[in-house]
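Trainee:
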Amino acid sequence: MIARIGGKLIEKRKNSVILENQGIAYEIFLPVITMTALDNHVDQDGCVRFITYHYHQLEPSRSTPVLIGFLNEIEKEFFEEFITVSGIGPKAALRAINTSIASIARAIDEADVAFLKSLPGIGPQRAKEIIAKLQGKIGKFGLIQEEGASKTAPLPKDIIDEAVDILMQLQYKKHEAKEMIQEAIKKQPLFKDAEELLNFVYKQRINSSPSAAVRRARPERYA
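For the sequence shown, full-length UniProt numbering assigns the number 1 to the initial residue and increments by one for each residue that follows.
(1) Report back the beta-carbon spacing between I5 and F50 to the nearest angstrom; my notes put them in contact at under 8 Å.
(2) Please list, in chain order, all residues of the same chain as I10 whose beta carbon is under 6 Å from its beta carbon, the five residues on each side excluded.
(3) Is R216 helix, strand or coil when you go by DSSP?
(4) Quick one: is K12 buried, meaning 16 or more other Cβ sit within 10 Å of its Cβ, or exposed?
(5) I'd like to check one pair, I159 with N194: are the Cβ atoms closer than 8 Å?
(6) The beta strand (DSSP E) spanning residue 242 covers which residue range?
(7) For A114, which residues of its own chain have a beta-carbon under 6 Å away from its beta-carbon, when the five flanking residues on both sides are left out?
(8) Look at the Cβ atom of I108, then the Cβ atom of Q135, and state whether they are nearer than 8 Å.
(9) Which of the three DSSP states, helix, strand or coil, is assigned to S100?
(10) So is T52 buried or exposed if we call it buried at 16+ other beta carbons inside 10 Å?
(11) Quick check: the Cα distance between G121 and G87, rounded to an integer number of angstroms?
(12) Note the first and the last residue of the continuous beta strand (DSSP E) segment covering T64.
See the structure below:
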């Protein structure tokens, strides 16, 4: 079992990195939050150390060892809590944790289904299962002072401008478009492009609509 690994960072991919250690290259998968903060943890020699979660991904004809990397113990601890939810394995958790751990922890504690189901791969039912399993158990994670609050680069201006322009083409006034975009960024600061940002805006508007409010108030009719 590989618990920690350090070495020279030789390649960054979309959701993983290649780390060389004593002539052996390891692929290590990273949550978005870890990938975003990675540059601040690479030393002057290009080396970095990860705390790892090591498991075997089982498939019909093979078992593939997988390493998931974290920059500190608290990130790994939250990940391990998250995968205790029925139906959420390491691969699904890796994809879902795409915003700050503190934000996700607070959403769980506050039973914010709308926020949780905005996470990649998390639908309404899974969001409810996460709350049922973890609410009241992960409060300390909501106290994390995220590196992203001060060190992560802000969302590129061209993505914001493109999203605002598209909303204006859809007949929203400029100030309305900017407000919608800023509200989305407050809840989830990381988007790869304008399309992903606008999809998040759409989900937030749907979740805040009167019909969504009725569903939240009377969940038994929509189970």
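Backbone N, C-alpha and C define an ideal beta-carbon position, used for all residues, glycine too. Small disclaimer: the values here were computed from a predicted structure and weren't measured.
Mentor: This is what the structure gives:
(1) Within the sequence shown, the letter at position 5 stands for residue 5. Within the sequence shown, the letter at position 50 stands for residue 50. Yes, they are in contact, since the Cβ atoms of I5 and F50 sit about 6 Å apart, within 8 Å.
(2) Position 10 of the sequence shown, counted from the first residue, corresponds to residue 10. Closer than 6 Å at the Cβ level, and outside the excluded window around I10, lie I18, E20.
(3) The count along the sequence shown starts at 1 and reaches residue 216 at position 216. With a pLDDT of 46 at R216, under the threshold of 50, the modelled position of this residue cannot be trusted, and the question is left open.
(4) Residue numbering aside, residue 12 sits at position 12 when the sequence shown is read from its first letter. It counts as exposed.
(5) Along the sequence shown, read from residue 1 onward, the residue named residue 194 stands at position 194. Along the sequence shown, read from residue 1 onward, the residue named residue 159 stands at position 159. First, the amino acid is wrong: residue 194 is Ala here, not Asn. Yes; because the gap between Cβ atoms is below 8 Å, this pair is in contact.
(6) Absent from the model: residue 242. The displayed extent of the chain is 1 to 223, so no value can be given.
(7) By 1-based counting over the sequence shown, the position of residue 114 is 114. N207.
(8) For the purposes of this step, residue 108 is identified with residue 108 of the sequence shown, where counting begins at 1. For the purposes of this step, residue 135 is identified with residue 135 of the sequence shown, where counting begins at 1. Yes. Within cutoff.
(9) One-based indexing of the sequence shown puts residue 100 at position 100. DSSP places S100 in coil when its eight states are reduced to three.
(10) As a working note, residue 52 is residue 52 in the sequence shown. By the Cβ neighbour-count rule, T52 is buried, with 16 or more other Cβ atoms within 10 Å of its own.
(11) One-based indexing of the sequence shown puts residue 121 at position 121. One-based indexing of the sequence shown puts residue 87 at position 87. Each residue's CA atom was taken as its position, placing G121 and G87 some 11 Å apart.
(12) Residue mapping note: residue 64 aligns to position 64 of the sequence shown, counting from 1. Looking at the DSSP string, the run of the beta strand (DSSP E) that includes T64 is 62-70.
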